[in-house]
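Novice: Numbering (the UniProt record's numbering), first residue to last: 1 to 66.
This structure is in structure tokens; I'll ask about it shortly.
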Amino acid sequence: MSTSDEATKCISHLHRTELHGRMISVEKAKNEPAGKKLSDRKECEVKKEKLSSADRHHPVEIKMEK
Numbered sequence: 001m002s003t004s005d006e007a008t009k010c011i012s013h014l015h016r017t018e019l020h021g022r023m024i025s026v027e028k029a030k031n032e033p034a035g036k037k038l039s040d041r042k043e044c045e046v047k048k049e050k051l052s053s054a055d056r057h058h059p060v061e062i063k064m065e066k
């Protein structure tokens with residue numbers, strides 16, 4: 001994804017779809033205040049995809065719903 005439009009299209013296409021038998025939510029990543037640790041979140045609530053260097057300008061979050 002090299003543009004914001006491409007990222008938005010990917011999010012629209014993948015949000016609320018099924019992956020490995022589970023519903024996923026895909027949305028733009030939000031900046032968090034410095035110092036917030038991943039361990040502060042519920043375990044397995046958020047899985048961030050590793051992005052290639054070209055994709056880092058438009059990060060997304062993928063949440064696995066229980």
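Note that beta-carbon positions come from the ideal geometry of N, C-alpha and C, so glycine has one too.
Please read all numbers here as calculations on a predicted model, not as lab measurements.
DSSP three-state label for GLU65, please.
Specialist: As a position in the sequence shown, residue 65 is number 65, starting the count at 1. GLU65 falls in the coil class under three-state DSSP.
Novice: Is GLU43 buried or exposed, if buried means 16 or more other CB atoms sit within 10 Å of its CB?
Specialist: As a working mapping, residue 43 is identified with position 43 in the sequence shown. Because the pLDDT of GLU43 is 49, which lies under 50, any placement of that residue in the model is unreliable, and the question is left without a value.
Novice: Could you round the C-beta distance between ILE24 and VAL60 to whole angstroms and report it? I think they count as a contact, below 8 Å.
Specialist: As a first step, residue 24 is located in the sequence shown; it is residue number 24 there, counting from the start. As a first step, residue 60 is located in the sequence shown; it is residue number 60 there, counting from the start. The Cβ separation is near 11 Å, so there is no contact.
Novice: Would you tell me roughly how many angstroms separate the C-alpha atoms of ALA7 and ILE62, rounded to the nearest one?
Specialist: Walking along the sequence shown from the start, residue 7 turns up at place 7. Walking along the sequence shown from the start, residue 62 turns up at place 62. Those two C-alpha atoms are separated by around 13 Å.
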